[in-house]
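Chemist: The structure under discussion is supplied below as structure tokens; questions concerning it will follow.
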Amino acid sequence: MELAAFLPLSMTDIAAKVEQGVRIDMDEARWLWQNASVAELQRLAGIVRGRFHAAGECTYMVMRIINYTNVCVAQCDYCAFYKLPTQDGGYVMSQEQVFAKLDELIVLGGDLAAFNGGFNPALPLSYYCGLFAAIRARYGDTLEFYALTIAEFMYLADHAKISCAHAAQKLKAAGVRWITGGGSEILTEGFRARHSKFKYTVAEYFEAQRAIIDAGLKTTATMVIGFDETLEERLEHLERTRSFQDETGGLASFLCWTFKPYFTQVGGIEITTAEYLKHLALCRIFLDNVSRIRTSVLTQNRLALDGLNYGADDFDLPIEDEVTQKAGATISLDFERILDYARELGYEPTYRHVALAPVLNT
Ligand code: SF4
1 MELAAFLPLS
11 MTDIAAKVEQ
21 GVRIDMDEAR
31 WLWQNASVAE
41 LQRLAGIVRG
51 RFHAAGECTY
61 MVMRIINYTN
71 VCVAQCDYCA
81 FYKLPTQDGG
91 YVMSQEQVFA
101 KLDELIVLGG
111 DLAAFNGGFN
121 PALPLSYYCG
131 LFAAIRARYG
141 DTLEFYALTI
151 AEFMYLADHA
161 KISCAHAAQK
171 LKAAGVRWIT
181 GGGSEILTEG
191 FRARHSKFKY
201 TVAEYFEAQR
211 AIIDAGLKTT
221 ATMVIGFDET
231 LEERLEHLER
241 TRSFQDETGG
251 LASFLCWTFK
261 PYFTQVGGIE
271 ITTAEYLKHL
281 ALCRIFLDNV
291 SRIRTSVLTQ
301 NRLALDGLNY
311 GADDFDLPIE
321 DEVTQKAGAT
331 ISLDFERILD
341 YARELGYEPT
351 YRHVALAPVL
361 NT
């Protein structure tokens, strides 16, 4: 065994690796979390950020999440949004209802919608293909949409009794370009067994994401913290994400947000913004192969922009997301106030048009 294996980790050695562009491992990430000062984490995150983005630059989008159905059989215990098929209050949006939401988004200056609903057994593949084809026909390239999360995509394929590869091709033919990495929460089998045992395994999640990439669709990575996950689980999530990116290169961005516990079965209390920002810095340092690290205005409001000083470079200004709003998230449409905060921090925010993005990593 090498002598280096017995040497204790130190700030000097880990900092030197990051400064030299050498990848840190899970032990070093754990050490940083437990021992590094916030200022040192910010400094190292800034170094990695600087390899991808100019100092003082950041980007944003105005977007809305369209929760096209709240009927779901997955029964995640952290979800305050869903209704079982047998319960009152379930809904499915018509194409006209979706169009009205997209029209409103455009009026408010946005050009990105993300579809996020439940595992609704009453919806056939034709509902999704018909909806997405109608959106592409009506709006063309003037707006872009993230069609489903990976979790919903997996259910859709499963329910239609076709492979993920086949489902991806069907959606692509309907005009879909993106299926984002939502539904990941914490990517460990233990976390899923505790909280979302009907939401597929971690291995299945990555298989589905690989099928999406193989089909020529674009995708992203996500993470949610603030449940009961351990530090080891957070690190495992990051390690799996980095390895997947090494293999595929298909992750256009990484977005982490925080769990809102209100009105959920599992309950709990929110983690602090300070913990979120510290985690964001660790993500930026560890995910050395993901160019875009996004900070969550949806769950942290204006203070999410402090994340720009913790390695993040991009954020959404959302106008709606029923899933997180039902669990306690609040949304402000005072975009200028939020953008002014970025300017106060020394950043010049530039609108990022996904609809016009010519290549994967833009
Ligand atoms: S988080 Fe998503 S998959 Fe889980 S119960 Fe809620 S709507 Fe269903």
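Just so you know, we're using our numbering here: the sequence shown kicks off at 1 and counts up by one. All C-beta atoms in this analysis are idealised placements derived from N, C-alpha and C, irrespective of residue type, glycine included.
Can you say whether Arg23 is buried or exposed, counting buried as having 16 or more other CB atoms within 10 angstroms of its CB?
Modeler: exposed
Chemist: Could you round the C-beta distance between Ala133 and Ala165 to whole angstroms and report it? I think they count as a contact, below 8 Å.
Modeler: Rounded, the Cβ-Cβ distance is 20 Å, inconsistent with contact.
Chemist: Taking all protein chains shown into account, do 16 or more other C-beta atoms lie within 10 angstroms of the C-beta of Ala342, making it buried, or fewer, making it exposed?
Modeler: buried
Chemist: Say yes only if the C-beta of Cys129 is nearer than 7 Å to one or more non-hydrogen atoms of ligand 1, and no if none qualify.
Modeler: no
Chemist: In the DSSP assignment, find the beta strand (DSSP E) that holds Cys256 and state where it starts and stops.
Modeler: 251-258
Chemist: By DSSP, does Pro358 sit in helix, in strand, or in coil?
Modeler: In this prediction, Pro358 scores a pLDDT of 43, lower than 50, which makes its location untrustworthy; the coordinate-derived value is nonetheless stated afterwards. The answer is coil: DSSP assigns Pro358 none of H, G, I, E or B.
Chemist: So is the beta-carbon of Gly118 under 7 Å away from any non-hydrogen atom of ligand 1?
Modeler: yes
Chemist: With contact counted as at least three CB pairs below 8 Å, one residue from each stretch, are the segment 51-71 and the segment 113-130 in contact?
Modeler: In this structure the segment 51-71 lies against the segment 113-130, because at least three pairs of beta carbons, one per stretch, are closer than 8 Å.
Chemist: Of all the beta strand (DSSP E) runs that stay within the bounds of the segment 44-81, which reach a length of 3 or more residues?
Modeler: 57-66
Chemist: Would you mind reading off the limits of the alpha helix (DSSP H) that contains Asp141?
Modeler: Premise fails: Asp141 is in no alpha helix (DSSP H) and is neither H nor E.
Chemist: Apart from the five residues just before and just after Val62, which ones in its own chain have a Cβ nearer than 6 Å to its Cβ?
Modeler: Gly109, Gly110, Leu317
Chemist: What is the C-beta distance between Val290 and Ser332, in whole angstroms, given that I count them as a contact (C-beta under 8 Å)?
Modeler: Between Ser332 and Val290 the Cβ distance is about 28 Å, and since that is not below 8 Å, they are no contact.
Chemist: Spatial neighbours of Tyr347 within its chain, please: C-beta separation below 6 Å, excluding the five flanking residues on both sides.
Modeler: Gly56, Cys58, Leu308
Chemist: Applying the 10 Å Cβ sphere with the 16-neighbour rule, what's the burial state of Asn120?
Modeler: buried
Chemist: CB Cys256 to CB Ile285, shorter than 8 Å?
Modeler: no
Chemist: Shorter than 7 Å, the distance from the beta carbon of Ala208 to the closest heavy atom of ligand 1, or not?
Modeler: no
Chemist: So, for Ala357: in the same chain, excluding its five sequence neighbours on each side, which residues have a beta-carbon less than 6 Å away from its beta-carbon?
Modeler: Note that Ala357 scores 47 on pLDDT, short of 50, meaning its location in the model is unreliable; the coordinates nonetheless yield the value given after this. No residues qualify anywhere along the chain.
Chemist: On the DSSP bridge list, what partners appear for Ala113?
Modeler: Arg64, Phe145
Chemist: Count the other CB atoms, across all protein chains shown, that sit within 10 Å of the CB of Arg196; report buried if there are 16 or more and exposed otherwise.
Modeler: One detail in the question is off: residue 196 reads as Ser in this sequence, not Arg. A residue is called buried when at least 16 other Cβ atoms come within 10 angstroms of its Cβ; Ser196 meets this threshold and is buried.
Chemist: Tell me whether Asp141 is buried or exposed, calling it buried when 16 or more other Cβ atoms sit within 10 Å of its Cβ.
Modeler: exposed
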